[in-house]
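These notes are about the structure you will find just below.
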Amino acid sequence: MAGASKYLDPALLSRLQNMELVARCAVQGFFSGLHPSPFHGFSAEYSEHRQYEPGDELRFLDWKVFGRTNKLYIKQFRQDTNVPVYILLDSSKSMTFQGDGTTYSKLDYGRFLTAALTSLMLGQGDSVGLMVFADRILTRISPRGRRTHLYAILTALERVRGEGQTRLTDVLHAFAETATRRGIVILISDLLDDADDLASGLSHLKYLQHDVIIFHTLDHLEIALDYQGLVQFEDLETGDRLRTYPESLKNTYQANVQAFLDDIEKSSGRKEIDYWLMDTSQTLDRAFMAYLGRRRRLM
Amino acid sequence: MTFLQAIFLLGTLAVAGPIAAHLLARPRFRKVPFTMLRFLRSGEIETQSRRRIRNLLVLLIRCAIVILIAVFFAGPERILAQRNVQTLPVVILGVDDSLSMAYGDVFPRAVEAAEAMIESADTNARFHVIGLASGASSRDLDAAGSRQFLSELRPTPLKMKIAPLLSAVDSVSRASTGAVSVGLVSDFTAEARVALDGVDEPIPVSSFTCQRVDAGDSPSNLALLDARVLPGADRTLTLAVTIANYGDTPEEVNLTGTLDDSPPVETPIRVDARARMSVQLRLPLASSDLAFSRIELRIASDDGLPEDNRYFLGLGQGRQRAKRVLILTKDAEESFLLKTALETLSQLNPMDPMTVQVVSHHRFEENLLADADIVILASALNRKTQWVEELADWVNARGRLIGFVDPELESGLGYYESLSEAGIFPATPVELRREPLRLATNVRESVFTDSLSPESNAIHALQNYRLEDLPVLGAYTLVLADGAEVLWSFGEGDPFLCYKTAGRGSALLVNTSADDDFSPLMKSPGAVAFVNFLVGGGAQLDPVAFEAGETVLLPASDFELAHSKGGETIYVKTPSGSAVPAQLSTGSISVAPIPELGWVATRTKPVRYAGLNVPHGETDITPSTDAALEILLARVFEESGESANGTTTTERERQSLWRGFAWAVLGLVLADVFVSNRVSR
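Structure, rendered in C-alpha cells:
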C-alpha cells in the first residue's frame, strides 16, 4: 500500500490514538487513489474552476473571468444533496472480539469506519448522524452538515465502550420510529441476533424508504475458526462456555457461518439493501466505495 | 493354559500405567473468548461424546496390549495330553585325555577313577562319557558300555577343553527331566585350570563328583617348548631352542638336533628346577638348498612324559627368490666398494642370497623397480623430482630405499628433500661439515618394523668390528622428517644413520658416502656386516611348526601356485602316515587340525614339512592346591542337591500359544494407531 492510501489499513489506523487523525488519514488515503474525482457536482458551494469544454452548459461559465482574461472557464460547485446519513454502530460486547494476532477489535474497526465515513460524508456535503447501540440506543447524535459536526461524532466515538448484548430488532424499530426523514442508513454491526428479527427491523427501515447499507463486520477467526488444540470458548455476550477441538468442528462451523452469511445477503438483496461483509483485516476503501456508489444512485 | 515363565505375569501389573495416564492426563483447554458459539454447538455434542468413547477404547486397547505382552513373555502353553513317565538318572563323565595325562600311570588311574564313578551310580543310570581333549564321546550308554568306551580312550596331544562337557550337560538337562550328575576326572594341570577358569557362570547339576589324578610330588619332566631359526653365516644353521624343566630337580641331558638325514648334532644342557632356558644349537649345512628341510630336536630324558622331549620343525622358504638389490649411481666406480660388500655378503650367507645390479642414473627405468627388493642411491639424482613419485609408490608397497651422501651432493640436496616431502625419506641433508668425526658405539636395534628387519645378531655382528674407531672425514647436518628415527649417531650426537617406515616399506639415510670419500667404512672389514645391517636380516627361511590341534599351513610350491584356482583339494601326509585332504588357498596349503605329533608333509615334490608339537604348556604338570581347585570347580558346577536317582514324572504334551499372542499384540498395536489417530483429529 503506497503513499497516503496506506492509511486505509485498519492495522495502521489502530495505532493512531486520535480519532480525527484516523478519519483524515483514511479519507485522504482513499482520495489519493481516486483522482480525478468523479464526485464533484454543481451546487451552491464553490469548489474550483476548470477550462470550458464543448458540451458544458453555458450557464456555468464564469463570465467575470472571461471578461478579465478572455478565456472560458467553468465554475464548479460542491454538490449538496442534503441527504441525511445515519450511521448505526453496534457497540455490543460481541463487537469487542479481537482475533489472535490482531491489534484491534471489531468495535475498533467499526469506529474507524464510522470516523472515516463521517469525514468523507461531511466532505461530500452530506449531513451525518450517529447512533451507538447495543441492547438499546446508547448514544444518538442528530444529522448535521457542518464541518464542525465531525468533532461531535468523533467525541462520541471515543466514548464508545463495548458492552451489552445485541438487540438489533428493538434498536432498529426504535430508530425507525424517530428517523422519519428519508436518508441513508449505514448499519455497522456483527449482526449476531436472530435473523428473523433482523429482517423485521430492516423491513421497517425500507418501509420508511431509507437506503440501507449494511457493513457486516466480522473478524477473520470468526469466519475461518483457525484455532489449534483444545479450546474452551467463552461467549462474550452470554458467558456460555464450550470445550472442544476446533479442528474437528471446523468444516461444520464454516458451513454454518456461510449459511448464515448467505441468508443475510439474500435477505438484504431481496430488500434492495447493500450488504457488505467487512472482514476486519480488510482496508476501509471498500466501505467508501459502497457508500459513494449508493450516493451516486441517489443523485 | 499354563505358562513356562509365570513370573512374567507380574508384568500385567503394568496395566496400571495406561490407566493412571488416562486418569491423570486431563486435557488442558485454552480459554478463548468467542462470539458465534451457536454455530459450534450442533457439531460439538456429537464430537465430545464420540471422543469419550474413543478415549475409553484407546485405554482398553493399551491395557490389552500390556497384558498380552506380559502373557507373551510368560510363555503361554496349552496342555494337550498328560501321562506319567519313569525318568532315568543321567551321569555325564568327563575324562581328561589331554597329553599331560600320559605322564607315567596317570591315565590308567584316571580310567579306574571313572570306572569307580560308574560303579557308584544308580543301577538304572545312563552314561555319557566324553574325552575332554580329544572330544570323543558316546551317549546313552549303560555301565558296561561306558567301561568299554573308557578302555578305548587314549591321551591325545591336545589341551583339555571344558566346553564339550558343559555342552553335554546343557543338552541332557534340556532333553531330560531326570537327575543329571556330572563326574570329572583330570590331573588339573595349569592348562586344565585355564580351561575351567574360562567358565563364566556355574551350571546347576543334581550332583557333581570330581577326581584328581596327578603325577604326585616332585615329578621329573623336561619339555622342548620352541625352536626358532636364527640367520647365520659360515654355512651353519643356528636354532634357538627353548627348554623347560617342570620338575623339582635340576636336569642334565643332551640336546640333539637332526637336519634331514644329516648326522645328529648333540650338545649337553643343564636346566634348573622349575626353570626354562634358551639354547643355541648350530647345525652344519650340507647343502645351500635348505628351503624345505625338516629338523627334529630331541632331549635324551627318561622322564615320565616322552612325548614332549621331541620338537619337530619344518623349514619354509620365506621368499621364493634371492633378494634383488638395485644400486643407482652416477658412475660404476662410485659404488664399486658397496657392490663388492653386498656380493661378499651374499656369498657368505647361502641362506639369504642376493643379486646386485648397478644402474647409472640416466639408464634407470621404472620396470627395474618392479623387480627390486632394495634400492640403494649411492648418490642423489640431479633433477629434484626425478622418479620421486615412482620411488614413493614402490617404498610404500614393500621396498627399502637406502640413500648415501657424498661431498658433491650439493646439486642433489633438493632430491633428498623431495623424497622427504614425499613422506618416504627419513632426513634431508642441509650443510656439509668437513671435520673429523667418530661413530658412537651404540646402535639402536628395536625400531625396524618392515619386512626386511635385521635380526638383532646382525647388529651385534656389526658392533664386533669397532666401527667407532674408523675416521670419518665429514658429514652433513640433517633435518629429520616426521616419524624418522636415528639408529646410529656420531659421537658428537649428529645423526649417522636415520630410519623411517613408509607404508609397508622403509628408507634409510646413511650420512657417509658409498665409497671412501668421507670414510674408509666400505674398505674396512666391517663393510660386509654394515651392508648386512642395511639390507636387512635373513628372512629367507621361515620355521614351520604348529601345535597339535592347530590348523596347519604348509608352503605351496611354485607349480601349485601357478596352477591353483583356489579352494582345490590336495592331500598331505600326517605324522601317522595317512593321507588327509587339505585346501590350497592364498599361497598356502591349509590342513585341518591333526591330533598327532611329528611332521605333516606334502605328497608332491619338493616335499614340504610342518612340525606338529605338544601344545605349549600342556605338559606342565605342576599340581594345584586342593583349595584353589575347589574354588575353581565351584565356579563351573553348582549342586542343586536333588536326588540323583530315577523318578516318576508327569509328562505333558503341550502346545505353545505364543504365536497367537504375538499376532494379537500386533493387531492391537495397529488398532491403537488407528483409533488414536481418529481421536487426535
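Protein sequence lines, in the order shown, are assigned to chains A and B. Position one of the first sequence corresponds to residue 37 (our numbering), numbered consecutively onward. Position one of the second sequence corresponds to residue 706 (our numbering), numbered consecutively onward. Heads up, the beta-carbon is just placed ideally off N, CA and C, and yes, glycines get one too. Every value quoted in this text rests on a predicted model; they were computed, and no experiment measured them.
Counting only runs that start and end inside the stretch 745-813 of chain B, the beta strand (DSSP E) elements of at least 3 residues fall at 781-792, 795-800. In this chain, THR139 (chain A) is not harboured by any beta strand (DSSP E), its DSSP state being neither H nor E. The alpha-carbon separation between ASP276 (chain A) and THR740 (chain B) amounts to approximately 10 Å. By the neighbour-count definition (other C-beta atoms within 10 Å, threshold 16), GLY1231 (chain B) is a buried residue. DSSP places SER83 (chain A) in the strand class (E or B) of the three-state scheme. The C-beta of LEU1375 (chain B) comes no closer than 8 Å to any C-beta of chain A.
Contact between PRO909 (chain B) and GLY952 (chain B) is absent: CB atoms are separated by about 40 Å, not below the 8 Å threshold. Assignment of HIS833 (chain B) by DSSP, reduced to helix, strand and coil, places it in the strand class.
A straight-line Cα-Cα distance of about 10 Å links SER317 (chain A) and SER141 (chain A). Among the bridge pairs identified by DSSP, TYR1016 (chain B) is matched with B:LEU1002. Residue pairing for ARG1105 (chain B): DSSP places it in a beta bridge opposite B:ILE1079, B:SER1211. When the five nearest sequence neighbours on each side are left out, the beta carbons in the same chain lying within less than 8 Å of the beta carbon of LEU762 (chain B) are those of VAL1380, in order along the chain. Out of B:LEU1002, B:GLU1140, B:ARG981, the CA that lies nearest to the CA of ARG987 (chain B) is found in B:LEU1002.
Counting along the chain, SER236 (chain A) sits inside the alpha helix (DSSP H) bounded by residues 231-243. Boundaries of the beta strand (DSSP E) around PHE251 (chain A): 247-254.
Spanning the alpha carbons of LYS1089 (chain B) and ALA1046 (chain B) requires a straight line of approximately 29 Å. For GLY962 (chain B), the enclosing beta strand (DSSP E) stretches over residues 956-964.
Annotated three-state conformation of PHE1130 (chain B) is coil, per DSSP. Judged by beta-carbon spacing, VAL877 (chain B) lies within the 8 Å limit of HIS833 (chain B), meaning their Cβ atoms are closer than that value. Looking at the DSSP output, LEU870 (chain B) bridges to nothing. Using a Cβ distance threshold of 8 Å, LEU1289 (chain B) and GLY1303 (chain B) do not count as a contacting pair. Within the same chain, LEU773, VAL776, PHE777, PRO781 come within 7 Å of PHE1366 (chain B) by CB-CB distance, once the 5 residues on both sides are set aside. Judged by their CB atoms, LEU257 (chain A) and PHE148 (chain A) are not nearer to each other than the 8 Å cut-off.
Cβ neighbours of PRO90 (chain A) within its own chain (closer than 6 Å, five residues either side excluded): none. A check of alpha carbon separations from ASP919 (chain B) across B:ALA815, B:ARG831, B:SER911 identifies B:ALA815 as the nearest. The criterion of a C-beta distance shorter than 8 Å is not satisfied by GLY1179 (chain B) and LEU1144 (chain B). Sorting A:SER83, A:LEU228, A:LEU108, A:PRO282 by C-alpha distance to the C-alpha of GLU93 (chain A) places A:LEU108 at the top.
Here GLU1190 (chain B) carries a strand assignment [DSSP, helix/strand/coil].
Under the DSSP definition of a beta bridge, PHE1251 (chain B) partners with B:LEU1317. Within chain A, the residues placing a beta-carbon under 9 Å from that of ARG733 (chain B) are GLY265, LEU266, ordered along the chain. In this structure, LEU944 (chain B) lies away from VAL958 (chain B), with their beta-carbon atoms at least 8 Å apart. The beta carbon of VAL885 (chain B) is closer than 6 Å to those of VAL795, VAL877, SER878, VAL910, SER911 in its chain, skipping five residues each way along the sequence.
For a Cβ distance threshold of 7 Å, residue set PHE269, ASP271, ASP276, LEU278 of chain A lies close to LEU742 (chain B), ordered along the chain. DSSP places SER163 (chain A) in the strand class (E or B) of the three-state scheme. Scanning chain A for C-beta atoms nearer than 8 Å to the C-beta of LEU762 (chain B) yields nothing, as the closest lies near 16 Å away. At least one CB of chain B lies nearer than 8 Å to the CB of SER130 (chain A).
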